[in-house]
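Undergrad:
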């Protein structure tokens, strides 16, 4: 009893119904509200970060109109393909693969689908894809942290049994409750671990972005590494069913792949783009506004001046030798 008194209880409700004059009833799931709240927060954060880089206010909406729907589609496809036993068997109703309201959305699938949608949206809006990727990186962690609350409301995706005082209470009638364990067994609240890890990651990303002037997708690379490291651990202590390949859960493989992709992005982009990002827009699609060209940090203006000075020096070196020696030097004194 002392453990239960110190434990984390699971919510007593996971949905509520809205009735419209006895004509229709709409069921609102807490999990859906958490995901929606995460999308809204991510949109606001990304919009502010894009605007500070010189993008037109509100242009993020043109991108997420593609990124969010394709992210949802990708999340569902990934879940179905990595849980084939739940959907593909003799006599199975294949339409259930479309029943997203029954649960089953994978973050790694949403990242893949969302990236495809973001690329399309960026092309149409004239925004550099890597600029958007950097702007959205910390916002993704905020959205994922918010969405993880939905797992708590659904009493799902918890970890191994534990005697720690912050163990999660799960009713023994839960379909995912391990057979053979006594009623009152507590479990690792992996949803809480991931929330804390993600929010800590926001601070880490913003610090590294400021310190090392991360641009051209490098901030996204840090996000992939951070999230992959945390997810590889949290996934390894979860006890929900998962496909196993070479003794490792599917999502652990996906987390390791995310780390590898993040490292590649950072190394390649630092080599290809050692300088500052010239504009959030692709050439020829620039938006001219009162705040255009403003960088994320005020101190970046010093770097911009340094970059301009270097360009001036390069111009001097490429001047025609026939030009008078004092033709430009006086104006720069």
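Residue numbers (the working numbering): 301 to 633. Where a beta carbon is used, it is the ideal one built from N, C-alpha and C, also for glycine. Note that this is a predicted model, so its numbers are computed, not measured.
(1) Candidates 401, 350 and 392: which alpha carbon is nearest residue 375's?
(2) Who are the near neighbours of residue 534 in its chain, counting only those whose CB is closer than 7 Å to its CB and skipping five residues on each side?
(3) Just the Cα atoms here: how many angstroms apart are residue 532 and residue 553?
(4) With which residues is residue 549 paired in a DSSP beta bridge?
(5) Could you name the residues of the same chain whose beta carbon sits closer than 8 Å to that of residue 501, not counting the 5 residues immediately before and after it, in chain order?
(6) What is the DSSP secondary structure of residue 458, reduced to helix, strand or coil?
(7) Should the segment 443-460 be regarded as contacting the segment 411-421, the criterion being three or more beta carbon pairs within less than 8 Å?
(8) What residues are listed by DSSP as bridge partners for residue 328?
(9) Is DSSP giving residue 523 helix, strand or coil here?
(10) Should residue 371 and residue 446 be called a contact, given that it needs their Cβ atoms to be closer than 8 Å?
(11) Could you spell out where the alpha helix (DSSP H) holding residue 508 opens and where it closes?
(12) How far does the alpha helix (DSSP H) with residue 370 in it extend, from its first residue to its last?
(13) Ordered along the chain, which non-local residues of its own chain (more than five positions away) have a Cβ less than 7 Å from that of residue 328?
(14) So residue 399 is in the alpha helix (DSSP H); what residue range does that whole segment cover?
(15) Could you tell me which of 476, 567 and 558 sits nearest to residue 515, measuring between CA atoms?
(16) By how many angstroms is the C-alpha of residue 481 removed from the C-alpha of residue 365?
(17) Excluding the 5 residues flanking residue 419 on each side, which residues of the same chain have their C-beta closer than 6 Å to its C-beta?
(18) Residue 349: which of 322, 510 and 389 sits nearest, CA to CA?
(19) Just to confirm the assignment, what range does the alpha helix (DSSP H) spanning residue 581 have?
(20) Are the Cβ atoms of residue 310 and residue 470 separated by less than 8 Å?
(21) Do residue 421 and residue 367 have their C-beta atoms within less than 8 Å of each other?
(22) Nearest to residue 517 by CA position, among 464, 507 and 562, is which residue?
(23) If you draw a straight line from the C-alpha of residue 565 to the C-alpha of residue 320, how long is it?
(24) For the putative contact between residue 468 and residue 307, defined by C-beta atoms under 8 Å, what is the C-beta separation to the nearest angstrom?
TA: Based on what the coordinates show:
(1) Along the chain shown, one-based indexing puts residue 375 at 75. With distances taken between Cα atoms, residue 375 lies closest to 401.
(2) In the chain shown, residue 534 corresponds to position 234, counting from 1. Leaving aside the five residues that flank residue 534 on each side, the residues in its chain whose CB is nearer than 7 Å to its CB run, in chain order, 490, 493 and 494.
(3) Here residue 532 is taken as the residue at index 232 of the chain shown, counted from 1. Here residue 553 is taken as the residue at index 253 of the chain shown, counted from 1. Going from the Cα of residue 532 to the Cα of residue 553 covers about 8 Å.
(4) Mapped onto the chain shown, residue 549 falls at position 249. Bridge partners of residue 549: 544.
(5) Here residue 501 refers to the residue found at position 201 of the chain shown. Only 438, 441, 523, 526, 527 and 530 meet the Cβ criterion.
(6) Reading the chain shown from its first residue, position 158 is the one you call residue 458. Assigned with DSSP and collapsed to three states, residue 458 falls in coil, not helix or strand.
(7) no
(8) As a first step, residue 328 is located in the chain shown; it is residue number 28 there, counting from the start. DSSP output for residue 328 lists 316 as bridge partner(s).
(9) The residue you call residue 523 lines up with position 223 of the chain shown. Residue 523: helix per DSSP, three-state reduction.
(10) The residue you call residue 371 lines up with position 71 of the chain shown. The residue you call residue 446 lines up with position 146 of the chain shown. Their beta carbons are not under 8 Å apart, which means residue 371 does not touch residue 446 by this criterion.
(11) In the chain shown, counting from the first residue as 1, residue 508 sits at position 208. Taken as a continuous stretch (DSSP letters only), the alpha helix (DSSP H) holding residue 508 covers 490-512.
(12) Stepping through the chain shown from its first residue, residue 370 is reached at position 70. Residues 359-382.
(13) Within the chain shown, the letter at position 28 stands for residue 328. 315, 316 and 318, listed in sequence order.
(14) Here residue 399 refers to the residue found at position 99 of the chain shown. Where residue 399 is concerned, there is no enclosing alpha helix (DSSP H), given that its DSSP letter is neither H nor E.
(15) Within the chain shown, numbered from 1, the residue matching residue 515 stands at position 215. Per the Cα distances, 567.
(16) As a working note, residue 365 is residue 65 in the chain shown. As a working note, residue 481 is residue 181 in the chain shown. Between residue 365 and residue 481, the C-alpha separation is close to 46 Å.
(17) As a first step, residue 419 is located in the chain shown; it is residue number 119 there, counting from the start. Cβ within range, chain order: 429.
(18) Mapped onto the chain shown, residue 349 falls at position 49. Ranking 322, 510 and 389 by Cα distance to residue 349 puts 510 first.
(19) In the chain shown, counting from the first residue as 1, residue 581 sits at position 281. It is not in any alpha helix (DSSP H) - residue 581 carries neither H nor E in the DSSP assignment.
(20) Position 10 of the chain shown holds residue 310. Position 170 of the chain shown holds residue 470. Yes, Cβ-Cβ distance for residue 310 and residue 470 is below 8 Å.
(21) As a first step, residue 421 must be located in the chain shown, where it is residue number 121. As a first step, residue 367 must be located in the chain shown, where it is residue number 67. In contact: residue 421 and residue 367 (Cβ atoms closer than 8 Å).
(22) Taking the first residue of the chain shown as position 1, residue 517 is located at position 217. When C-alpha distances from residue 517 are compared across 464, 507 and 562, the shortest belongs to 562.
(23) For this step, residue 565 is matched to residue 265 along the chain shown. For this step, residue 320 is matched to residue 20 along the chain shown. If you take the alpha carbons of residue 565 and residue 320, they lie about 51 Å apart.
(24) Taking the chain shown and counting its residues from 1, the one referred to as residue 468 is at position 168. Taking the chain shown and counting its residues from 1, the one referred to as residue 307 is at position 7. The C-beta distance from residue 468 to residue 307 rounds to 7 Å, short enough to fall under 8 Å.
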